[in-house]
Amino acid sequence: MTPSWIEAAIPGDASREVVAEATRTRIGEALEVPIETIDHDSVGFVQQAWELALFDALETSDSDPGEIRRLAERAFQLVRVLDAPQEPLPADRFLVKVGCLGLLADRQADAARLLSKHTPYEAGAQDAWGERTQAAIWSAWLRLIRKEGWADLDAIGVLIADLRAAQREFEGDYLEAGAAVARARAWELVALYHVAHAAEILAEFVTTGSSEGHFDVRQQLDGQFDRALTACGRSELVELEVLLRFLRAAANRLVDNSIWTVTRAVNSRVTDFVRSVVDRGRHQPLFEVLPPQRQALREQGLLGSSTRSVVVSLPTSSGKTLIAQFRILQALNQFDREQGWVAYLAPTRALVNQMTRRLREDFAPLGISVERVSPALEVDGLEAALLTERDEDSLFRVLVTTPEKLDLLIRGGWEEEIGRPLTLVVVDEAHNLQQGDRGLRLELLLATINRECRFAQFLLLTPFLDDAEVLSQWLDPSSHDEVRLAVDWVPNDRSIMLSHAHAADGRGAFSIELEALHTTHPTLYSRTPFGLETDRPLGFSWSAVKDSPNKIAAATAELLKDRGSSIILAQRTDYAWGIARTLYEGQGTDVEMSPAVELVRDFLAEEMGETFPLVKYLERGVGVHHSGISEDCRVLIEWLLEKEDITYLAATTTISQGVNFPVASVILASHQYPYGEDIPPQDFWNVAGRTGRIGQGDLGIVALACADDDRAVVLRDFVNRQVAGFDSTLVKMALAARDAISEGDLSRLSYLPAWSGFLQYLAHSYRQIGDPNLFATEVEQVLRGALGYQQLRDREPELAEGLLDAVGVYAEGLAGKPLSLVDATGFSWESVSATLARVGEAGISADSWDGATLFAGASNDLRSLMGLILEVPELRENLDFALGGTKVNGALLAQVTSDWVQGRQLADIAEEYFVRKKKGPPEAAMTECCKVIYGRLAPTVSWGLSALQSLTLGDALEQMSEADAETVRNLPSRVFYGVNSDSAIALRLLGVPRGAAVPLAENLPAAQRGESVARLRSDLTEMAESDWKAAIGEKGGLYRSVWRVLEGERP
Amino acid sequence: MTPCTITENYSDRSGQATWTGGSIAADPDFRAFISGPVCERLEDAEESQTFATELAGLAGTGVAVETVEAVLTADGHERQPWEVGEAMAEVLLAEQRGAIWPWNTERDKRTPKASLPGADLIGFVTLDDGEASLAIGEVKTSADEDRPPGVVNGRGGMAHQLERLESDRALQVTILKWLRPRCNGTDYWPLYESAVRRFLNSQGRDFILFGLLMRDTTPHALDLEARGKALGTVDAPTAYELSAWYLPHPVAEWPQLAAGVA
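Protein chains in written order, with numbering that gives the first Met the number 0: chain A, 0 to 1050; chain B, 0 to 261.
1) Does chain B have any CB closer than 7 angstroms to the CB of residue 47 of chain A?
2) For residue 517 of chain A, count neighbouring C-beta atoms within 10 Å of its own C-beta (all shown protein chains included) and say buried if the count is 16 or more, exposed if not.
3) Under three-state DSSP, which class holds residue 625 of chain A?
4) Under 8 angstroms by Cβ, that's how I've got residue 547 of chain A and residue 666 of chain A pegged, so tell me the actual separation to the nearest angstrom.
5) Across which residues does DSSP place residue 99 of chain A in a beta bridge pair?
6) For the beta strand (DSSP E) holding residue 702 of chain A, just list the boundary residues, first then last.
7) Helix, strand or coil for residue 312 of chain A, going by three-state DSSP, please let me know.
8) If you drop the 5 nearest sequence neighbours on each side, which residues of the same chain put their C-beta closer than 8 angstroms to that of residue 135 of chain A?
9) With distances taken from CA atoms, which of A:513, A:323, A:630, A:873 is nearest residue 702 of chain A?
10) Could you tell me whether the segment 355-365 of chain A touches the segment 425-434 of chain A, where touching means 3 or more Cβ pairs closer than 8 angstroms?
11) Cβ closer than 7 angstroms: which chain A residues qualify as neighbours of residue 61 of chain B?
12) Let me confirm a value: residue 46 of chain B is counted as buried when at least 16 other C-beta atoms fall within 10 Å, else exposed. Which label applies?
13) Cα separation between residue 3 of chain B and residue 255 of chain B?
14) Find out if the Cβ-Cβ distance for the pair residue 322 of chain A, residue 311 of chain A is shorter than 7 angstroms.
15) Taking 7 angstroms as the threshold (C-beta atoms), are residue 595 of chain A and residue 550 of chain A in contact?
16) Which residues, in order along the segment 154-186 of chain B, keep a beta-carbon less than 7 angstroms from a beta-carbon of chain C?
17) Give the residues of chain B in contact with residue 185 of chain A, contact being defined as C-beta atoms less than 7 angstroms apart.
18) Within a Cβ cutoff of 6 angstroms, which residues of the same chain sit near residue 33 of chain B, ignoring the five residues on either side of it in sequence?
19) Of all Cβ atoms in chain B, is any one closer than 7 angstroms to the Cβ of residue 328 of chain A?
20) If contact is defined by three or more beta carbon pairs under 8 angstroms, each pair taking one atom from either stretch, is the segment 621-640 of chain A in contact with the segment 1018-1036 of chain A?
21) Less than 8 angstroms between the CB atoms is what I'm expecting for residue 544 of chain A and residue 576 of chain A, so what's the real figure, rounded?
22) Counting only beta-carbon separations shorter than 7 angstroms, does residue 117 of chain B have a partner in chain A?
23) Along chain A, which residues have their Cβ under 7 angstroms away from the Cβ of residue 53 of chain B?
24) Would a C-beta distance cut-off of 7 angstroms place residue 930 of chain A and residue 627 of chain A closer than the cut-off?
25) Would you say residue 255 of chain B reaches chain A, if we count a Cβ-Cβ gap shorter than 7 angstroms as a contact?
26) Closer than 9 angstroms, Cβ to Cβ, to anything on chain A: give me those residues from the segment 182-211 of chain B, in chain order.
27) Excluding five sequence neighbours on each side, which residues of the same chain lie with their C-beta closer than 7 angstroms to the C-beta of residue 1015 of chain A?
28) For residue 139 of chain B, write down the residues that DSSP places opposite it in a beta bridge.
29) Looking only at C-alpha atoms, which of A:397, A:408, A:62 sits nearest to residue 3 of chain A?
30) Which residue marks the beginning of the beta strand (DSSP E) containing residue 456 of chain A, and which one marks its end?
31) Residue 129 of chain A: which of A:203, A:185, A:84, A:156 sits nearest, CA to CA?
32) Jot down the residue ranges of each uninterrupted beta strand (DSSP E) in the segment 460-530 of chain A, minimum 3 residues, whole runs only, in chain order.
33) Apply the 10 Å Cβ neighbour rule to residue 125 of chain A and answer buried if 16 or more other Cβ atoms are within range, or exposed otherwise.
34) By alpha-carbon positions, which one of A:21, A:537, A:1039, A:301 ends up nearest to residue 478 of chain A?
35) I need the DSSP call for residue 200 of chain A, collapsed to helix, strand or coil.
36) Report yes if the CB atom of residue 651 of chain A is closer than 7 angstroms to the CB atom of residue 569 of chain A, and no otherwise.
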C-alpha cells in the first residue's frame, strides 16, 4: 500500500499517537473503564487530514476503490471518538458526515449503530425556514444511512412531504426577512431542495428497487447532486458543498449496497426473494447487503456466472448464508425443468436445524420447500416417504442435513430414488474438510458426487482458508471460482485481550487488568493495559484466583457483565460446570427471570430433573452449554443467549461452530481442547468472530484468562499463530501408513475409521464401475477425485505411486463381493464380512427384528445385536465408554438402550447407570449420561442396528405387509430418538421433545395414520395449547412452547 | 503591476503579525483601478444570468419554485460598499502580495460573499522558494472615524473573525477540500499541493491570515497596532498580515466609482 500524497504529508508520529489514543478510548469506553480525556485538537487534526485525503481520492476520477475504503476507514475510526457538536443542527450535519465516512469505509453496520444513538433534530415554528429545511433533510439522510426498518424509510417520505407542504407558508418570509442575504439563502435552499429529493429517490429505490418507475437511480441521484453542487458554487457555500460531495459518494455507496442493485437482472426467483426479504411484514427487513456479499454477488459476479465450483472464504459474520441463498436460487432456476434439488450440508444437528429454519422461513414465500433429514445414519420410513414424494406441490427443493447422511443417501442410490437431480451441494463450515475422519468422509463424499451426479455444482463456505483456490480447483479445474476479500474487512471491531489478576491492597483483594494484544488479525491494540474496578468479584480472594484461569475467567465475566452477555469457554465440561457454579454463587441472590428463562427452566426441570443444577443457575442468569446437556436444552440455552436473557454462559467449544450468537464478550478460561490440544487458529478466530457481531455490541472483547507470566507468553504466541494452509486428512493418513502401503496391504488398516472411509470410497467406486478390468484402468482417476491424493502426488510422489498400487491390489480382493452392503452399512468390506460371520454365530435373523419385543427390557436379541455392534471397528470407538465404572458390554448397552427407547427419564437413567462417585458433584452423572446418550449411544447404536438390518433382513421386508415393513425399518430410529413407536418418531423428526412425543403421537390422528411429514408439521402448528394439554396433561403448554422455540417460532 | 499610486503610511510587526497602512492617491489611475479589475470581480461577464436551467431543475424536485425564482431573477441589485471593499481587497492582495484566488467560475456575483459563514478570502500566497501557503482572510469596510474603527473589535469584528479562522482547524481543512475541485486540472494545482503539504506537515499551523481594513479616513497606525500586537502572539509558522487601505473617496461612493458612474 502506497500512502497517497496527502497521507504522506501527515506527520507519522502524530498520526500514530492519535490512533493509539483513539483506540485506547474506544476500548476504554467498551470496557466502561475511565480513560484520560483525549486531546481533541490532535485527534481532530489527524482525522481532518485523513478526511482530506479521502476527499482527494473521491474527487480523483480513477481512484482505487480499496484506497477509498482504506482512507474512509481511517477517518471513520477517528471521527467516532470525537464529540458531536452540542447545537442540534451542526450535530446532525456532523453525524451525516460520520455516516458517509462509515459507508465509504464499508462499515455501515457500525455507522448505523452510531447514528441510531442520535435523535435527529425536529425543527419547530421557532426555527427559521432554512433551519427547518436543513433539519428535515439531515433527518432524512440520517435515516437513510441507518435504516432502522421500514419506520425510518417511511419517515423520509413524510419528512419531505411535510417540508413541501410548509414551504409556501414559511419560505417567503424567510427570503424577505433577510433581504441583504436573500440570494445566498435562496441558493442554499435550491441546494437543499435537491438534496431532499435525492433522499426521496434513494428511499424509494432502497425499498422497491426503482425510483419513479425507473431503474436508473444513479443517474437520478447524480442529477440532483449536480444541481445542488451548482447552487453551492453560485454562492460559495463552502461547508455545504464539501458535505454534499461526501454525501454524493455515500449515496452511490448506498446504491451499491442495496440488495436490489446486487441482484438486478439475475432471474425472477432472485427478484421474488429480494422482494420477500425487504417485505414490510418481515421481522428484520434486509435493505442492503454487507460489503463481502456485495463483492461476492456483484463485483465477483457470483450471481451472474455458472461456475460449477465456488469457494466462499469470508470472515465469520460476513453473511455467507445470504450468498448461499442466492446461489441456491440460481441453481434451482438453472434446473427448474428437471425440478433439481439442493443439498445444504451443516456439520452439527444444531446447525442443520438452524439452517432449516432459516431457509424454510426465507424460501416459504417463494414456494420452495425446504426439508431436513435427521443425522441418523439410516433412512427410516418417514424420511423415505419425504424423499420420494411425488406430489408437485410438496417436492422438497432444498434438503438440509449432515455430510454423513448425504453420503449414505448418495451411496445408497437415493438420487435415483428421488427421481430428480442433485444440482448444488452447499457445504457450510467447509474448513472441516481438513478435520480428521469426518473431514475425509466429506472430501470423499464430494469426490463421489462430483463423479456420479451429473448436474451437481458446489458451493463451499468457509470462514478462513488461505488457499481456498485449492478446493475450488479440485472440484472443477475448468470451472471454478474463489470468493474472498481483497481487504481485511471485519464486521465490527474487536480486541483480543489477556486477563491478568494482580494482588491488591487489602486482605484477599485483587484486581483484574486487561491487556489488548497484537494479533494476526485486524484487532484493536493498546500499549497500556486497562484496569477493571474490582471489589473481590464473585467474592473470590486473591489466593483463590491467583492460580486459577477458570476463576480469573469467571471474575472477568462478572466485571464485564454490564456491557452484555458473555460466553466463558472452558476446557472441559466439568470446568464449565465449576465456572457456572462460581458465577451462580457469586451473584448471591436470584435475578428477575424473563418468561423465556422461566420456560427453559421449567423444561429443564421436567427433562433433567428438579435437582439438575442448571435449573437454579438459570434463576441467576447463568447458563451452561456443552455436550453434557441434551441437544434440545442446548438449543434453548442458545435461544436465551440470543435474546440476551441470560448474562453468562459457561460453555465448551461445542458452542463454537456456526451458531449466531449475540455476545459482547467471549472469555477463554483455556486455549486448549479437553485433551490438551491447542485450539487451532481457525477455531479460535471463529469464536472471536462471534463477539460484537453485526447489529450487536460496538466492540467485541475476547479475553484469555492468564494466571502467570509463563502463560502470558504462551497466550501471546497463541493469538499470533497463522491459520494453516489446507491439508487433506488423506495426506496425513498416507504418511502414517507407509508400511502398509508399501506392502500393498490396505485391508489391515480397515479398523481405523478414516481408512475405513477411504476403503468404502474405493468399494463404492468399484461397485459403480462394475467391471474389475475397467476399475483397474480407472483407478487413478477415482483416486484423483480425492483432493488428498492430488496433494500427496505433489508432495510425496513415491508414496502416491505406492498408494495407487496398493489400491489396485485391494481392488482385486473386492471382485465378486456383495459391495452394496458396504454402501448400505457404512462399514468397510472387512467389517461387513466379519460382521456377516458373527451374525450367523449370534443367531440373528430376520425374525429378530420384532418391534413389539426388541426393546422390551434388554431382550436376548437386543443383547446379541449390541454384542455385534461392539465388535464393529467403525462403531466400537464411539461406544468405548464406561457405565458406573464398568466398561460397556453388550448386556449393559442393551439395558441402557432399552431404557432409553422405552422412554425412561434421563434423570433415572443417569442415576442408574452413570453415577461414578457417590460424592461427586450433582450434575456429574447427568452430564455423562447426556454425553453418552446423545453423543454416542443414540447415533452409533441406531447406525449399527440399521447396518445389521441390511446384513440380516435380506428380502424379508418384501414378504411383510407395508405397515410391518415400515415398523421394522423404523426400529433404528427408535434408538436415535429415544421413543418406542413409529408415530412418535415422526414427531421427533419434527422436533417435538422426547418427553412429549409419545403421548402427543397417541393423540394426534395424523401421526397415527402415518401422514406425510409436511402434513404432520402443519397439523402440529395448528394445534392449540389445549390440544397439547389434552394429550400430555398440564405440561402440554410447556412442551408446546418449547417445541415452538425449537422449531424457530417465537411463542 | 498596480495601476494606482500607493503610499505606505506605516508598517510594523510584532511576533507573527505584520501590519501596514497604505493610502491610494486620488488620480485617474485609481478610477481605472476601481472601475477595471475591481469591477470585474463584481460583475458577471454576461450581463445577467437567468439561471433558467437551475430553476427548471428545481421544479423537478416537486417544491414550489416561485419565491426562490423571484429572488434569483430580481433586477436592480444595489451594490453595497463592502462588496466593493472586498473586491478591492482581493485585487490589492493579488497585486501587492502575490496572492492567488482560484477563480470560482460558477459564482453568482450578485450573491455577496460576506453574507456567508466561512472566510471572505480563500486562496494561496506564493513563497520565495516557489512553494505556496494557504491564505485565508477577512475584509472589513468602514467609514468610522474611530481608530481603530468599530469593525475591528467586538464579536463579529475583524480580529475575532481572524482568531476564529486561525483556530478552527475543521474549517481550514474544509476550505482545503473546497479548493480541491477548483484547483484540479488548472495552473493552481502545484500551489494547492504545496499549500496542503505545508499545512499538514506543520500539523495545521503553516498558513497565512489576511485581515484587511478598507477605509476612507486619514491613515493612522492605531487602526491596526493593538490588534496586530495581540494577534502576533500566535505560534509560528502561522502568520497574520494585516493591512489598512485608505482610499481617496468616501465609502458610500465606491459602488458608483466601481460602476464608473461617479
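Ideal placement from N, C-alpha and C gives every residue a C-beta, glycine not left out.
Answer, in terms of the structure:
1) yes
2) For residue 517 of chain A, the number of other beta carbons within 10 angstroms of its own is below 16, and it is reported as exposed.
3) coil
4) Residue 547 of chain A to residue 666 of chain A, Cβ: 13 angstroms. No contact.
5) Partner(s): none; residue 99 of chain A has no beta bridge.
6) 698-705
7) strand
8) 122, 158, 159, 161, 162, 195
9) A:513
10) no
11) 163, 196
12) Legend: pLDDT at residue 46 of chain B = 48, less than 50; position of this residue unreliable, value from coordinates given subsequently. With fewer than 16 other Cβ atoms within 10 Å, it is exposed.
13) 18 angstroms
14) yes
15) no
16) In summary, chain C is missing from the structure at hand, where the protein chains are A and B.
17) 67, 70, 71
18) 256, 257
19) no
20) no
21) So it is not a contact: roughly 18 angstroms between Cβ atoms.
22) yes
23) 189, 226, 229, 230
24) Yes, they are a contact pair.
25) no
26) 183, 192, 195, 196, 197, 198, 199, 200, 201, 202, 203
27) 985, 989, 1005, 1006
28) B:212
29) A:62
30) 456-461
31) A:185
32) 479-483, 492-502, 509-515
33) exposed
34) A:301
35) helix
36) Yes; because the gap between Cβ atoms is below 7 angstroms, this pair is in contact.
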